[in-house]
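Okay, structure first, notes after.
Protein chains: 2
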Amino acid sequence: MNGKSNDSDLRAVKISESTVRRLSIYLRLLQDLEGTGQETASSEDLAERAGTTAAQVRKDLSAFGSFGKRGLGYSVAELLRTLREILGLDHRWKVALVGAGKIGSALFTYRNFQRRGFEIDAVFDTDPVKVGQLWGSSEILDDSLMETELRQRHIDIVVIAVPSDAAQAVADRVVAAGVEAILNFAPVRLRVPASVAVRNVDMVVEMEGLAFALSSR
Amino acid sequence: MNGKSNDSDLRAVKISESTVRRLSIYLRLLQDLEGTGQETASSEDLAERAGTTAAQVRKDLSAFGSFGKRGLGYSVAELLRTLREILGLDHRWKVALVGAGKIGSALFTYRNFQRRGFEIDAVFDTDPVKVGQLWGSSEILDDSLMETELRQRHIDIVVIAVPSDAAQAVADRVVAAGVEAILNFAPVRLRVPASVAVRNVDMVVEMEGLAFALSSR
Numbered sequence: 001m002n003g004k005s006n007d008s009d010l011r012a013v014k015i016s017e018s019t020v021r022r023l024s025i026y027l028r029l030l031q032d033l034e035g036t037g038q039e040t041a042s043s044e045d046l047a048e049r050a051g052t053t054a055a056q057v058r059k060d061l062s063a064f065g066s067f068g069k070r071g072l073g074y075s076v077a078e079l080l081r082t083l084r085e086i087l088g089l090d091h092r093w094k095v096a097l098v099g100a101g102k103i104g105s106a107l108f109t110y111r112n113f114q115r116r117g118f119e120i121d122a123v124f125d126t127d128p129v130k131v132g133q134l135w136g137s138s139e140i141l142d143d144s145l146m147e148t149e150l151r152q153r154h155i156d157i158v159v160i161a162v163p164s165d166a167a168q169a170v171a172d173r174v175v176a177a178g179v180e181a182i183l184n185f186a187p188v189r190l191r192v193p194a195s196v197a198v199r200n201v202d203m204v205v206e207m208e209g210l211a212f213a214l215s216s217r
Numbered sequence: 218m219n220g221k222s223n224d225s226d227l228r229a230v231k232i233s234e235s236t237v238r239r240l241s242i243y244l245r246l247l248q249d250l251e252g253t254g255q256e257t258a259s260s261e262d263l264a265e266r267a268g269t270t271a272a273q274v275r276k277d278l279s280a281f282g283s284f285g286k287r288g289l290g291y292s293v294a295e296l297l298r299t300l301r302e303i304l305g306l307d308h309r310w311k312v313a314l315v316g317a318g319k320i321g322s323a324l325f326t327y328r329n330f331q332r333r334g335f336e337i338d339a340v341f342d343t344d345p346v347k348v349g350q351l352w353g354s355s356e357i358l359d360d361s362l363m364e365t366e367l368r369q370r371h372i373d374i375v376v377i378a379v380p381s382d383a384a385q386a387v388a389d390r391v392v393a394a395g396v397e398a399i400l401n402f403a404p405v406r407l408r409v410p411a412s413v414a415v416r417n418v419d420m421v422v423e424m425e426g427l428a429f430a431l432s433s434r
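Protein chains in written order, with my numbering: chain D, 1 to 217; chain R, 218 to 434.
See the structure below:
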């Protein structure tokens, strides 16, 4: 039993979206444990955090080699390293934010992004009042510079936090500039080529799911 | 073909979580169309917005009676009314926000919540500097008042926007106060009784899904 593995092996394992979500949550618990100096974690600890079963945890992790020691649990340091590698968090990702509104601002200062290797390198807005303002050490850039700056800064991921009627046009420009991953906060499903990964964070849809759950009782 | 239906019929239809999400997105397009004065919408329009097929739209909507007229499409007003009823948006929901940080603040001012019938009636925080501050006409209340205020204000839905290590304790108190729906922004899966509906908005998990997509290419 050991956690050794080579990069190409790990990446070759097919993983479902729901597994990726769970790995992401396991990673978070491990980071917390690392912070407190705890050296091992049980599958039960991981299961509790992720709202799943210990059996599911063991199944998820055994796909990448066998990390647990019976009765001892998983080595926090070893599992952290492996999960970071699997999730592609073993290096930093360059992120740009389009839309310097309230949500954009909350994201910009969201420490959990930085802690996980996501650095917001550029912020764009169309509002002449906002353009030129400093957010931390980042100057808010004019929207018209987007394509040039995305390329020059080798941005990996763009976060779209603009109103829904502007979101598709932004996505089209981002894709044309060669970016292949979008985190979309606008309440609309974006149309992009199959080669581009999109994840949506849609707070209103989640709220309405709750309203539906309450009213269908 | 007509949109008449009675409430109990609509509510009796079993709907999957993914269907509820699509209905929520259809509703959004219809609201936009209503704003521009457009009277009909095609299943293709609805499909495009929701990133699905026209056949799926027709299937989703036909489960609640048949609202479309061949060649004319759906009546925007009629379908809006029906979807609001199905989703439980035909009345206002009373919402409380726990955590007056950056994310809480962005949510508080998020117009799309109000437009959809979600009113934030109370805001709680533990920080003595924040307690007593006014957000709009809402005074930020001391965390210790949470249980009492949730009951007195008949809060339907609580939004949890506190750090992950505080989230479970807040959820326990919210549940003990009789609230049955939680929108959770803390990056942790909450443990609640089966009678309580929880939806998670987890931005880091979505970002890591993108990192994984990029790095597994």
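Heads up, the beta-carbon is just placed ideally off N, CA and C, and yes, glycines get one too.
Take the Cβ of R:Val376 as the centre, count every other Cβ of all protein chains shown within 10 Å, and call the residue buried at 16 or more, exposed below. As a working note, residue 376 of chain R is residue 159 in the second sequence. Flag for R:Val376 reads buried.
Consult DSSP for D:Met1 and reduce its assignment to one of helix, strand or coil. Translated into positions along the first sequence, residue 1 of chain D becomes position 1. Because the pLDDT at D:Met1 is just 37, under 50, the model does not fix this residue reliably, and the point stays unresolved.
Can you say whether D:Ala169 is buried or exposed, counting buried as having 16 or more other CB atoms within 10 angstroms of its CB? The sequence position of residue 169 of chain D within the first sequence is 169, counting from 1. That one is exposed.
Any residues in the region 165 to 189 of chain D with a beta carbon nearer than 8 Å to a beta carbon of chain R? Which ones, in chain order? Correct list: Asp165, Glu180, Ala181, Ile182, Leu183, Pro187, Val188, Arg189.
Whole angstroms are fine: how far does the CA of R:Asp338 sit from the CA of R:Gln248? Position 31 of the second sequence, counted from the start, is the residue given in the question as residue 248 of chain R. Position 121 of the second sequence, counted from the start, is the residue given in the question as residue 338 of chain R. Rounded to whole angstroms, R:Gln248 to R:Asp338 spans 24 Å at the Cα level.
Three-state secondary structure (DSSP) of R:Asn223: As a first step, residue 223 of chain R is located in the second sequence; it is residue number 6 there, counting from the start. A caution first: R:Asn223 carries a pLDDT of 44, below 50, which makes its placement in the model unreliable, though a value can still be read off. If DSSP states are grouped into helix, strand and coil, R:Asn223 belongs with coil.
Nearest neighbour of D:Thr19, chosen from D:Thr53, D:Gly37, D:Glu34 [CA to CA]: In the first sequence, counting from the first residue as 1, residue 19 of chain D sits at position 19. Closest by C-alpha distance to D:Thr19, out of D:Thr53, D:Gly37, D:Glu34, is D:Thr53.
If you draw a straight line from the C-alpha of R:Ser292 to the C-alpha of D:Ser43, how long is it? Against the second sequence, residue 292 of chain R aligns to sequence position 75. Against the first sequence, residue 43 of chain D aligns to sequence position 43. Roughly 53 Å between the two C-alpha positions.
Against chain D: residues of the region 316 to 327 of chain R by CB proximity under 8 Å: So the list reads Lys319, Ile320, Ser322, Ala323, Leu324, Thr326, Tyr327, given in the order they occur along the chain.
Tell me, to the nearest whole angstrom, how far the beta carbon of D:Phe219 is from that of D:Leu97; I am working on the premise that it is less than 8 Å. In the structure as shown, chain D begins at 1 and stops at 217. Residue 219 of chain D is therefore absent and cannot be evaluated.
In this structure, how does DSSP classify R:Ser292 when only helix, strand and coil are distinguished? On the second sequence, residue 292 of chain R is found 75 positions in, with the first residue counted as 1. Here DSSP, grouped into helix, strand and coil, assigns R:Ser292 to strand.
Could you tell me whether any non-hydrogen atom of the ligand FMN is closer than 7 Å to the CB of D:Pro163? No copy of the ligand FMN occurs in the structure displayed, which carries no ligand at all.
Using a Cβ cut-off of 7 Å, pull out every chain R residue sitting near D:Ser43, in sequence order please. Here residue 43 of chain D refers to the residue found at position 43 of the first sequence. Simply none; closest approach about 15 Å.
Looking at the unbroken beta strand (DSSP E) that takes in D:Ile140, where does it start and where does it end? For the purposes of this step, residue 140 of chain D is taken as the residue at position 140 of the first sequence. Element bounds for D:Ile140: 138 to 142.
DSSP state of D:Ser18 mapped onto helix, strand, coil: Numbered from its first residue, the first sequence carries residue 18 of chain D at position 18. Of the three classes helix, strand and coil, the one that applies to D:Ser18 here is helix, per DSSP.
For D:Phe118, go through chain R and note every residue whose CB falls closer than 7 Å to its CB, in chain order. Counting from 1 along the first sequence, the entry for residue 118 of chain D is found at position 118. Met424, listed in chain order.
Where D:Asp165 falls, given that 16 or more other Cβ within 10 Å makes a residue buried: Position 165 of the first sequence, counted from the start, is the residue given in the question as residue 165 of chain D. Under this definition D:Asp165 is an exposed residue.
Segment contact, 8 Å Cβ cut-off, at least three pairs: the region 393 to 411 of chain R with the region 366 to 374 of chain R: Here the region 393 to 411 of chain R lies against the region 366 to 374 of chain R, with 3 or more beta-carbon pairs under 8 Å apart.
Between the alpha carbons of R:Asp419 and R:Ala323, how many angstroms are there, rounded? Indexing the second sequence from 1 puts residue 419 of chain R at position 202. Indexing the second sequence from 1 puts residue 323 of chain R at position 106. Taking C-alpha positions only, R:Asp419 is separated from R:Ala323 by approximately 15 Å.
Check this for me: beta carbons of R:Gly334 and R:Leu306, under 8 Å apart or not? Residue numbering aside, residue 334 of chain R sits at position 117 when the second sequence is read from its first letter. Residue numbering aside, residue 306 of chain R sits at position 89 when the second sequence is read from its first letter. Yes; because the gap between Cβ atoms is below 8 Å, this pair is in contact.
Residues of chain D with a CB under 9 Å from the CB of R:Arg287: which are they? Looking up residue 287 of chain R in the second sequence gives position 70. Under the 9 Å cutoff, chain D gives no residues; its nearest Cβ is about 26 Å from R:Arg287.
Less than 8 Å between the C-beta atoms of D:Arg173 and R:Arg266, yes or no? As a position in the first sequence, residue 173 of chain D is number 173, starting the count at 1. As a position in the second sequence, residue 266 of chain R is number 49, starting the count at 1. With respect to R:Arg266, D:Arg173 sits apart: the two C-beta atoms are not nearer than 8 Å.
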